[in-house]
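In the working numbering, the protein residues as written are 596 to 905. Here a beta-carbon is modelled for each residue, glycine too, at the ideal position from N, C-alpha and C. Remember, it's a predicted structure, so these values are computed and weren't measured experimentally.
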Amino acid sequence: MFVSVVIPTYNRRPILEKCLAALEDQQADATFDHYEVVVVDDGSTDGTPAWLRDQAQRFPHVRLVEQAHGGPAEGRNRGVDHAHGDVIVFIDSDLVVTPTFLRCHTRALQQSWIRRGDRLCFTYGAVINTANFDSPQSERHKLRDLSWAYFATGNVAIDREVLERSGLFDTGFRLYGWEDLELGERLRQMGVELVKCPEAVGYHWHPALSLEQIPRLMEVEGERARMGLVFYRKHPTRRVRWIIQFTWLHRLLWELLTLGGLINERSLRPLLRWLIRNGYPGTAMELLRLPLNRIGVRVLFREARSAGLR
């Protein structure tokens, strides 16, 4: 089995270094004999391409592909186009994996192929969120790390032919969010089975919350809402409505939990500052999710109304 790990990246050079170092440390076994890492630079402005070319000897499995800034969907498609493997593994460029990561994915895939008698399945590994840059792999698994997504490209492996039959990623998703779950809906319609593979562990690093991040987090919620409508237009089902929170239940929920907007990013700011200063940025982030969810749902309904969607 030849495995191609496809990683789109944009201005993430410091954590990308840890990501690639972990991938160079993979322990092969009988299920896969070769692997490559296809890094698609999405128009980074932090010197990532030049750095990768300079580090070519350090990362012999890495092949660099460059594109103008077009988003992760376009980047992943381009990575698949340049990949040589018969199995594609998608991870994000801020994911640091364990030495047995690829071996766990390939073993689980091979066992599933034998059990099913075909290759209509993909493996979904575990993602553990961490703010520990120096030692991301020391983070413990937490309840909030659990995910019920069907096809999330932070950590999945799939047969290349099955992936190509699905049509790959829709490049209409140019802003943040939903391009992977939309592909998941098409895979589901093809009868492609999700196979949980918790042994294939990746540690998803993101910086601890700071007050300076809040404007961008609010902007991201707006982007997610707009891309959520792109998702719903392609799959106008009750299931997708629930996934993107396009229901009156979600609207009522977040209005109630924020007291109609009285609990917002401004009113929470003193408490968030105190929590961050006293070493509780994770708790601060969970509190901030209340107004962020309200922002996202309100943008979603406003954009839907403008587009004549109900």
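key: Close Cβ partners of A803 (< 6 Å) along its chain, the five nearest in sequence each way excluded   = Within the same chain, A803 has close Cβ partners A726 and P876.
message = So, for Y745: in the same chain, excluding its five sequence neighbours on each side, which residues have a beta-carbon less than 7 Å away from its beta-carbon?
response = Only L776, G779, R783 and L789 meet the Cβ criterion.
request  = Can you say whether D628 is buried or exposed, counting buried as having 16 or more other CB atoms within 10 angstroms of its CB?
outcome  = The residue is exposed, with fewer than 16 neighbouring Cβ atoms inside 10 Å.
key: Given G680 as reference, the closest of E881, E898 and V757 once Cα atoms are compared   = Nearest to G680 by C-alpha distance, out of E881, E898 and V757, is V757.
query = Per the contact definition of three or more C-beta pairs closer than 8 Å, is the stretch 617-628 in contact with the stretch 652-660?
reply = Three or more Cβ pairs closer than 8 Å define a contact, and the stretch 652-660 meets that threshold against the stretch 617-628.
request  = Just the C-alpha distance for L851 and H845, rounded to the nearest angstrom, thanks.
outcome  = Approximately 10 Å, taken between the alpha carbons.
query = Does the stretch 748-757 come within contact of the stretch 817-832, defined as at least 3 CB pairs closer than 8 Å?
reply = At 8 Å Cβ cutoff, the stretches do not touch.
query = Does the Cβ-Cβ distance between L887 and E816 come in under 8 Å?
reply = Inclusion of L887 and E816 in the CB contact set at 8 Å is warranted, their separation being smaller than that value.
query = Which residues share a DSSP beta bridge with K791?
reply = According to DSSP, K791 bridges with Y719.
ask   = Whose CA, out of G674, D713, E881 and L615, lies closest to the CA of P694?
value = For the options G674, D713, E881 and L615, the alpha carbon positioned closest to that of P694 is the one of L615.
task = Compare the beta carbon distance of F764 and R671 with 8 Å and say whether it is the shorter of the two.
result = Yes, the pair counts as a contact, with Cβ atoms nearer than the cut-off.
inquiry  = Counting C-beta neighbours from all protein chains within 10 Å, is the total for V881 16 or more, i.e. buried, or is it exposed?
reply    = The sequence shown places Glu at residue 881, not Val. Of the residues assessed, E881 falls on the exposed side of the cut-off, its CB having fewer than 16 other CB atoms within 10 angstroms.
request  = Let me know if E669 comes out buried or exposed under the rule of 16 or more other beta-carbons within 10 Å of its beta-carbon.
outcome  = It is buried - the Cβ of E669 has at least 16 other Cβ atoms within 10 Å.
query = Per DSSP, what kind of secondary structure is D740 in: helix, strand or coil?
reply = In the three-state DSSP reduction, D740 falls in the helix class (H, G or I).
query = Residues bridged to D637 by DSSP?
reply = Checking the DSSP bridge columns, you'll see D637 partnered with Q662.
Reference A795; option with closest CA among C699, Q650 and V691 = Residue C699 is the option with its Cα nearest to A795.
ask   = How many whole angstroms separate the CB atoms of L770 and L867, which I take to be in contact at a CB cut-off of 8 Å?
value = The C-beta distance from L770 to L867 rounds to 26 Å, too long to fall under 8 Å, and the pair is not in contact.
request  = Give the C-beta separation of S561 and R607 to the nearest angstrom, bearing in mind that I take them to be a contact with Cβ-Cβ under 8 Å.
outcome  = As displayed, the chain neither begins before 596 nor continues past 905, which places residue 561 out of reach and without an answer.
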